[in-house]
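Notes follow once the structure below has been shown.
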Amino acid sequence: MARSDTMQATQRPRQRVSPVQERSRQKLNTILDATANLLVQQGVEATTMLAIAEAADLSPATVYHYFENRLAIFAALAERTMTMVDNNLSERLNAFAVSNEQSTHELLQTLYQLYHQTPGYVSLLTALRAEPSLQALVRESNRRIADVICEVLVRRTSLALRRAQRLGWILSQSCDQVLQEALLSTPEEAQALLEELTEMVDTLLVHYIQNSKNSALN
Numbered sequence: 073m074a075r076s077d078t079m080q081a082t083q084r085p086r087q088r089v090s091p092v093q094e095r096s097r098q099k100l101n102t103i104l105d106a107t108a109n110l111l112v113q114q115g116v117e118a119t120t121m122l123a124i125a126e127a128a129d130l131s132p133a134t135v136y137h138y139f140e141n142r143l144a145i146f147a148a149l150a151e152r153t154m155t156m157v158d159n160n161l162s163e164r165l166n167a168f169a170v171s172n173e174q175s176t177h178e179l180l181q182t183l184y185q186l187y188h189q190t191p192g193y194v195s196l197l198t199a200l201r202a203e204p205s206l207q208a209l210v211r212e213s214n215r216r217i218a219d220v221i222c223e224v225l226v227r228r229t230s231l232a233l234r235r236a237q238r239l240g241w242i243l244s245q246s247c248d249q250v251l252q253e254a255l256l257s258t259p260e261e262a263q264a265l266l267e268e269l270t271e272m273v274d275t276l277l278v279h280y281i282q283n284s285k286n287s288a289l290n
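Position one of the sequence shown corresponds to residue 73 (my numbering), numbered consecutively onward.
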């Protein structure tokens, strides 16, 4: 991470303007898509504002009109990806909550694949880890998923709300850490990590579901 970026980003970086017109939204997405492709092809250090402008076929002034620096672009790209993945996962978790399924294997595999297949996101993890101002995005994503996990636990078990909230937070944090390591690992190690994570989550889920059933019978 460039020193100038870090010094400028004492707070979470944000884009300068929020486009309303379709043409402006298209330009913003063009900038984000170009950044994602550069991250894949050249890595974080080479993804400068000038390189992004050139890849997006826009003038540097246009890019600076939307974003004050590359950290702001990284933040917007990460937020776009996390929101897409979180929405997808939330839908799957809500379906899981009303089903009789007791294994989270498909959920965790889907979550991994969604992040892994999104252009630039694995490279972007380097920036997310190295830059404190971007960590707020990770925390926001974890909070969203923790709320959905809490709802699953409330529906599938007899846990009190406060305890379900606590467990939702623990599971969200744990899954995030393992998934980040999986995304930065070899495919073989990634699958090994996902298998261990699935076994851990499934064991906890079965435990709480079974305890709820036993309590209902007594």
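Glycine included, every Cβ here is placed at the ideal spot set by N, Cα and C.
Please read these numbers as outputs of a predicted model, since none were measured by experiment.
| Asked | Found |
| --- | --- |
| Contact defined as beta carbons within less than 8 Å: I believe residue 230 pairs with residue 284. What is the distance between those atoms, to the nearest angstrom? | 4 Å |
| Using alpha carbons as the reference points, say which of 202, 93, 150 lies closest to residue 209. | 150 |
| In this structure, does DSSP put residue 114 in helix, strand or coil? | helix |
| Count the other CB atoms within 10 Å of the CB of residue 129; is the residue buried (16 or more) or exposed (fewer)? | exposed |
| Under 8 Å, with one C-beta from each stretch per pair, do the stretch 191 to 210 and the stretch 230 to 241 reach the 3-pair mark? | no |
| With a threshold of 16 other CB atoms inside 10 Å of the CB of residue 85, please say whether the residue is buried or exposed. | buried |
| If you follow the alpha helix (DSSP H) that residue 240 is in, where does it begin and where does it stop? | 233 to 255 |
| Answer yes or no: do residue 270 and residue 182 have a C-beta to C-beta separation smaller than 8 Å? | no |
| Below 7 Å CB to CB, which residues in the same chain sit around residue 96 once its five sequence neighbours on both sides are set aside? | none |
| Could you tell me which residues DSSP pairs with residue 87 in its beta bridges? | 139 |
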